[in-house]
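*Asks:* Offset between the sequence shown (1-based) and our numbering: plus 1.
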Amino acid sequence: MPDTYAIDHYENFPVASLLLPKAMRRPVAIVYRYARTADDFADEGDLSPAERLTLLNGYLAELDGLQAGIEPRHALFRDLRDQVITPHQVPLQLFRDLVDAFAQDVVKNRFADFGEVMQYCRRSANPVGRIVLHLAGRASVKNLAWSDGICAALQLTNFWQDVAIDWQKDRVYLPQDELSRFGVSEAQIAEGRVDDNWRALMAFQVDRTRRMLRSGSPLGMALPGRLGLEIRLTVLGGDAILRKIEQAGYDVFRHRPKLTARDWPMLLLRAVFPKAIRS
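Below is the structure:
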């Protein structure tokens, strides 16, 4: 298992940005590196499924070693122990959940229903928000619940904007029962065909995702200072992507929605003055 495994990625949402309190930036960057590299093991390069799972199992073995008090073999896990887990009492299970989700990506590429999708989000997205709250010393029951709503919604938003990209990887995150309910086939996804059925399906997904995102949005007001600002900006960024999907007529095949440099000033202004500026 390499100490360094990095691939450039486009990110919609800020990661360890200057908006975070200074004391949190290094720990958050370590967590991001952990999650990003593990995700890359599952997704990137020309490795076989068995090779991908071997790399991910290496991460799980390192976590088991941390729990047993064994000195980590790799610098990433020393950083994780010394700057994240031990000083902030972050539960190891959150890091295991992330690896478990990425391992699922190797072997599972269809989801029977929305419940299965949400179970995936619980392990692939929600742990990151929970880890950040532990780092901030703000991991109350209410804050964790709000964070789960935001993180799951952001994961879903990424699914809806990346339908075409995921199809190229033979992955469909749209629930199979909902495809059937709206009369959309996988052949239609392959064709990139946008018709009334597709628009109705995607409108349903966007509406449900937006409601989930906004249900967690009180977290941005509950957290103080820069961290609250970061959360508000992240929620606004997710909502902006959903709006762009709508504005494209739900044609995510030809118009992949993403945030640009032109979007951020207004989003930042709305995050700084949430009560004064309405969408």
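Note that CB positions come from ideal geometry on N, CA and C, so glycine has one too.
(1) Below 8 Å between beta carbons: does that hold for residue 154 and residue 217?
(2) Between which two residues does the alpha helix (DSSP H) carrying residue 225 extend?
(3) Taking C-alpha atoms, which residue in 22, 126, 165 and 111 lies nearest to residue 146?
(4) Are the beta-carbon atoms belonging to residue 241 and residue 264 less than 8 Å from one another?
(5) What does the alpha-carbon distance come out to for the pair residue 7 and residue 78?
(6) By DSSP, does residue 205 sit in helix, in strand, or in coil?
(7) Counting beta carbon pairs with one atom in the segment 82-91 and one in the segment 105-125, are three or more of them shorter than 8 Å?
(8) Expressed to the nearest angstrom, what Euclidean distance is found between the alpha-carbon atoms of residue 262 and residue 85?
(9) For residue 112, name the three-state secondary structure that DSSP assigns.
(10) For residue 15, which residues from the same chain have a beta carbon less than 7 Å from its beta carbon, with the 5 sequence-adjacent residues on both sides left out?
(11) If contact is defined by three or more beta carbon pairs under 8 Å, each pair taking one atom from either stretch, is the segment 117-136 in contact with the segment 155-164?
(12) By a C-beta neighbour count over all protein chains shown, 10 Å radius and 16 as the cutoff for buried, is residue 87 buried or exposed?
(13) Output the distance between the C-alpha atoms of residue 43 and residue 20, rounded to the nearest integer angstrom.
(14) State the Cα-Cα distance for the pair residue 76 and residue 39, rounded to the nearest angstrom.
(15) Hey, out of 243, 69, 24 and 141, whose CA is closest to residue 258's CA?
(16) Check whether the Cβ atoms of residue 251 and residue 204 lie closer than 8 Å to each other.
(17) For residue 160, tell me which candidate among 176, 222, 148 and 149 has the shortest Cα-Cα distance.
(18) Terminal residues of the continuous alpha helix (DSSP H) containing residue 148?
(19) Can you give me the C-alpha to C-alpha distance between residue 170 and residue 267, rounded to a whole angstrom?
(20) Identify whether residue 23 lies in helix, strand or coil by the three-state DSSP scheme.
(21) Return the residue from the list 82, 206 and 183 that minimises the CA-CA distance to residue 197.
(22) Going straight from the alpha carbon of residue 224 to that of residue 139, what length do you get?
(23) Can you have a look at residue 71 and say buried or exposed, based on whether 16 or more other CB atoms are within 10 angstroms of its CB?
(24) If we ignore side chains and look at the alpha-carbon of each, how far apart do residue 65 and residue 189 end up?
(25) Please go through the same chain and pick out, in chain order, the residues whose beta-carbon is closer than 8 Å to the beta-carbon of residue 50, but skip the five residues on each side of it.
(26) Check for me: the alpha helix (DSSP H) holding residue 130 runs from which residue to which?
(27) Kindly list the residues whose CB is nearer than 8 Å to the CB of residue 275, restricted to its own chain and excluding five residues on each side of it in sequence; keep chain order.
(28) Apart from the five residues just before and just after residue 102, which ones in its own chain have a Cβ nearer than 7 Å to its Cβ?
(29) Let me know if residue 180 comes out buried or exposed under the rule of 16 or more other beta-carbons within 10 Å of its beta-carbon.
*Replies:* The relevant details are as follows:
(1) Between residue 154 and residue 217, the CB-CB gap stays under 8 Å.
(2) No alpha helix (DSSP H) holds residue 225; DSSP gives it neither H nor E.
(3) 126
(4) yes
(5) Unreliable positioning characterises residue 7 in this predicted model, as indicated by a pLDDT of 33, which lies under 50. The coordinate reading is nonetheless provided below. Their Cα atoms are separated by approximately 16 Å.
(6) helix
(7) Flag = no, the segment 105-125 and the segment 82-91 do not touch.
(8) 32 Å
(9) coil
(10) For residue 15, the pLDDT reaches just 45, beneath the cut-off of 50, and the residue's location in the model is therefore unreliable, although a value from the coordinates is still provided. The answer, listed in chain order, is 231, 234 and 235.
(11) yes
(12) exposed
(13) Each residue's alpha carbon lies about 30 Å from the other.
(14) 15 Å
(15) Among 243, 69, 24 and 141, the Cα nearest to that of residue 258 is on 243.
(16) yes
(17) 176
(18) 142-162
(19) 34 Å
(20) helix
(21) 183
(22) 8 Å
(23) exposed
(24) Residue 65 and residue 189 have their C-alpha atoms roughly 44 Å apart.
(25) 107 and 108
(26) 127-137
(27) 221, 222 and 233
(28) 121, 124 and 125
(29) buried
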